[in-house]
Amino acid sequence: MDVKREHIEAYLQSLFGEGVELVRMCKMGETIATTEDVKGFGYGSPLLLEYRKDGQDGSAVISTMRVQYGFGHDHFSDRAQVLIWQHSAFNHLPKHARSIDVGYFDQDGELHSAGGAKEYFLLMEKVEGKEYFFDLERVKEKGATDLDYERAIALSSYLAEIHQTHRDCPALYQRKIRDIVGHGECIMGILDDYPEEPGFLEPGELCEIEKMCVQWRWMLRSMTGRLCQVHGDFHPWNVMFREGPDFSVLDRSRGMWGEAADDITAMTMNYIFYSVQKSMRLSGGMKDLFEIFFQNYLDKTGDFELLRVIAPFFAFRAMVVASPTWYPLLTDEVRRTLFNFVENVLGDEEFDFMNVNGYLR
Ligand SMILES: Nc1ncnc2c1ncn2[C@@H]1O[C@H](COP(=O)(O)OP(=O)(O)OP(=O)(O)O)[C@@H](O)[C@H]1O
Ligand SMILES: [Mg+2]
Numbered sequence: 057m058d059v060k061r062e063h064i065e066a067y068l069q070s071l072f073g074e075g076v077e078l079v080r081m082c083k084m085g086e087t088i089a090t091t092e093d094v095k096g097f098g099y100g101s102p103l104l105l106e107y108r109k110d111g112q113d114g115s116a117v118i119s120t121m122r123v124q125y126g127f128g129h130d131h132f133s134d135r136a137q138v139l140i141w142q143h144s145a146f147n148h149l150p151k152h153a154r155s156i157d158v159g160y161f162d163q164d165g166e167l168h169s170a171g172g173a174k175e176y177f178l179l180m181e182k183v184e185g186k187e188y189f190f191d192l193e194r195v196k197e198k199g200a201t202d203l204d205y206e207r208a209i210a211l212s213s214y215l216a217e218i219h220q221t222h223r224d225c226p227a228l229y230q231r232k233i234r235d236i237v238g239h240g241e242c243i244m245g246i247l248d249d250y251p252e253e254p255g256f257l258e259p260g261e262l263c264e265i266e267k268m269c270v271q272w273r274w275m276l277r278s279m280t281g282r283l284c285q286v287h288g289d290f291h292p293w294n295v296m297f298r299e300g301p302d303f304s305v306l307d308r309s310r311g312m313w314g315e316a317a318d319d320i321t322a323m324t325m326n327y328i329f330y331s332v333q334k335s336m337r338l339s340g341g342m343k344d345l346f347e348i349f350f351q352n353y354l355d356k357t358g359d360f361e362l363l364r365v366i367a368p369f370f371a372f373r374a375m376v377v378a379s380p381t382w383y384p385l386l387t388d389e390v391r392r393t394l395f396n397f398v399e400n401v402l403g404d405e406e407f408d409f410m411n412v413n414g415y416l417r
């Protein structure tokens with residue numbers, strides 16, 4: 057990235073006052089200081105800035121993160137996260153270089169301070185409609201209607217469509233597989249939140265489940281050709297239906313590119329969950345919706361390989377809905393049934409979507 061002298065000077069003036077003058081700047085470790093623009097500024101070559109204010113000389117070092125895939129620095133937000141954290145942490149440690157400010161370069165390369173941030177927020181359009189989980193509450197009590205079949209097909213077709221867009225970036229697929237097991241919002245994070253030795257689990261059972269998930273990670277991480285566009289948190293609280301099959305989605309999460317199975321399980325786990333709450337089995341309208349969803353998706357995509365990668369994603373979603381934190385009112389019998397599903401699905405090389413009740417036993 058090229059850094060313009062005028063942009064640096066304008067930024068220093070915004071920070072220290074109008075009277076500041078940039079005297080020179082150079083890459084750390086280089087001796088040739090310049091009063092011109094700096095070419096190829098980036099991670100690993102911080103910039104030394106020397107300035108004068110009211111006759112006083114001052115200096116500072118500006119650094120940024122290398123844009124690279126891997127090590128969890130894939131996304132612009134990952135790199136921002138590291139720098140925002142550094143700005144909040146440096147000044148709390150004795151003998152540590154003081155952090156003066158954190159900020160960002162905009163499209164034109166101008167520098168803007170973000171040092172005043174205390175908490176970030178997102179402003180988005182208000183979406184009209186009703187959350188899909190209300191439909192599932194109704195289907196659980198009254199059975200499924202034609203509208204419910206139409207909506208299950210609409211959701212499944214939507215995923216079939218967005219998943220058609222693929223990308224060649226192995227590091228992002230490996231990240232998704234790493235995250236489903238190790239991310240704080242995913243399996244390891246959910247398991248860390250479980251109470252010690254709950255009545256519905258055997259001692260050490262969670263550890264054994266995590267080991268199975270790690271084994272699945274090593275089976276899947278090389279399937280990088282499957283990287284596709286995803287939603288990332290496609291569950292019934294993030295889907296708003298209006299008239300008929302017309303809907304909008306909310307709350308995309310954990311990366312624009314990932315594994316199709318993540319979206320499929322985020323939704324279909326709820327057909328199982330709502331049915332198990334009622335009958336410890338997948339039955340009735342929920343069974344029909346579950347099977348229609350899968351059949352329609354496979355008919356539209358032909359992605360039968362999905363059934364050989366889906367297990368850890370089902371395990372994650374099942375352990376979310378079985379969680380005493382997220383769903384405090386469930387019986388131990390319901391939680392036990394969901395954990396049977398987790399272990400049986402993780403123990404099966406290829407998921408049989410027409411035989412879910414076999415996994416719940
Ligand atoms: N843009 C929006 N338009 C309409 N309703 C919204 C919008 N964003 C959020 N909501 C409502 O707020 C609820 C929670 O919002 P949001 O999904 O952001 O929270 P959350 O805690 O991130 O949930 P989760 O991560 O479990 O999806 C949504 O289920 C929806 O009812
Ligand atoms: Mg949400």
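Position one of the sequence shown corresponds to residue 57 (my numbering), numbered consecutively onward. Virtual Cβ for every residue (Gly too), placed ideally from N, Cα, C.
{"Item": "I'd like the list of long-range same chain contacts for W382, defined as Cβ closer than 7 Å, with 5 residues on each side in sequence excluded.", "Value": "V376"}
{"Item": "Starting from F161, trace the beta strand (DSSP E) both ways and give me its first and last residue.", "Value": "159 to 161"}
{"Item": "Does any heavy atom of ligand 1 sit closer than 8 Å to the C-beta of D433?", "Value": "No information on residue 433 is available, as it lies outside the stretch 57 to 417 that the chain covers here."}
{"Item": "Would you say I307 touches ligand 2, meaning its beta carbon is less than 8 Å from a heavy atom?", "Value": "With the sequence shown as reference, residue 307 is identified as Asp, and Ile is not the correct amino acid for it. The answer is yes for D307."}
{"Item": "Can you look up F256 in the DSSP assignment and give me helix, strand or coil?", "Value": "coil"}
{"Item": "Less than 9 Å between the C-beta atoms of E261 and L283, yes or no?", "Value": "no"}
{"Item": "According to the Cβ coordinates, are E241 and Y330 closer than 9 Å?", "Value": "no"}
{"Item": "Is N294 a contact residue of ligand 2, with contact defined as CB to any heavy atom under 8 Å?", "Value": "yes"}
{"Item": "How is W274 classed by DSSP in three states: helix, strand or coil?", "Value": "helix"}
{"Item": "Just curious, the beta strand (DSSP E) that H168 is in, first and last residue?", "Value": "167 to 169"}
{"Item": "C180: beta carbon under 8 Å from a heavy atom of ligand 1?", "Value": "The residue you asked about is not Cys; residue 180 is Met in the sequence shown. Correct: M180 has its Cβ closer than 8 Å to ligand 1."}
{"Item": "Would the segment 152 to 164 count as touching the segment 268 to 275 if we require 3 or more Cβ pairs under 8 Å?", "Value": "no"}
{"Item": "Where does R108 fall in DSSP's three states?", "Value": "strand"}
{"Item": "Out of Q285, N294, M121, C82, which one is the CA nearest neighbour of S115?", "Value": "C82"}
{"Item": "Could you give the uninterrupted runs of the alpha helix (DSSP H) lying entirely in the segment 163 to 206, keeping only those of 4 residues or more?", "Value": "189 to 198"}
{"Item": "Where Q285 and I320 are concerned, what is the direct C-alpha to C-alpha distance, given to the nearest angstrom?", "Value": "13 Å"}
{"Item": "Between which two residues does the alpha helix (DSSP H) carrying R392 extend?", "Value": "388 to 402"}
{"Item": "Ligand 1 and E187: does the residue's C-beta get closer than 8 Å to at least one heavy atom of that ligand?", "Value": "yes"}
{"Item": "At the level of alpha carbons, what is the spacing between L149 and W141?", "Value": "13 Å"}
{"Item": "Do V365 and ligand 1 come close, with the Cβ less than 8 Å from some heavy atom?", "Value": "no"}
{"Item": "Going along the chain, which residues of its own chain have a beta-carbon closer than 8 Å to the beta-carbon of M296, five neighbours each way excluded?", "Value": "V183, E184, G185, K186, E187, Y188, F303, S304, V305, L306"}
{"Item": "If you check the beta carbons only, do R231 and G311 fall under 9 Å apart?", "Value": "yes"}
{"Item": "Which residue wins for smallest C-alpha separation from H219, given the options E206, H287, E62?", "Value": "H287"}
{"Item": "Tell whether a beta-carbon distance below 9 Å holds between H143 and G171.", "Value": "yes"}
{"Item": "When we look at the beta-carbon of V138 and count the other beta-carbons within 10 Å, is it buried (16 or more) or exposed?", "Value": "exposed"}
{"Item": "Cutting at 6 Å between CB atoms, please list the residues of its own chain near A210, excluding the five before and the five after it.", "Value": "P301"}
{"Item": "List the whole-angstrom C-beta distance separating N326 from S213, where the pair is believed to meet the contact cut-off of C-beta under 8 Å.", "Value": "Contact doesn't hold; Cβ gap of about 18 Å is too wide."}
{"Item": "Just list the residues that DSSP pairs S304 with in beta bridges.", "Value": "M296"}
{"Item": "DSSP three-state call for W313: helix, strand or coil?", "Value": "strand"}
{"Item": "Below 9 Å between beta carbons: does that hold for A208 and I64?", "Value": "no"}
{"Item": "Using 8 Å as the cut-off, classify the Cβ of V183 as near or not near the heavy atoms of ligand 1, replying yes or no.", "Value": "yes"}
{"Item": "Between G199 and ligand 3, is there a pair consisting of the residue's CB and a ligand heavy atom that are separated by less than 8 Å?", "Value": "In the structure shown, ligand 3 is absent; the only ligands present are ligand 1 and ligand 2."}
{"Item": "For R229, is the classification buried or exposed, using 16 other Cβ atoms within 10 angstroms of its Cβ as the cut-off for buried?", "Value": "It is worth fixing the name first, because residue 229 is Tyr in this sequence and not Arg. Buried, since its Cβ has 16 or more Cβ neighbours within 10 Å."}
{"Item": "State the Cα-Cα distance for the pair Y250 and S379, rounded to the nearest angstrom.", "Value": "7 Å"}
{"Item": "Output the distance between the C-alpha atoms of R391 and V332, rounded to the nearest integer angstrom.", "Value": "9 Å"}
{"Item": "For the alpha helix (DSSP H) holding K83, just list the boundary residues, first then last.", "Value": "Segment 77 to 83 is the beta strand (DSSP E) holding K83; no alpha helix (DSSP H) there."}
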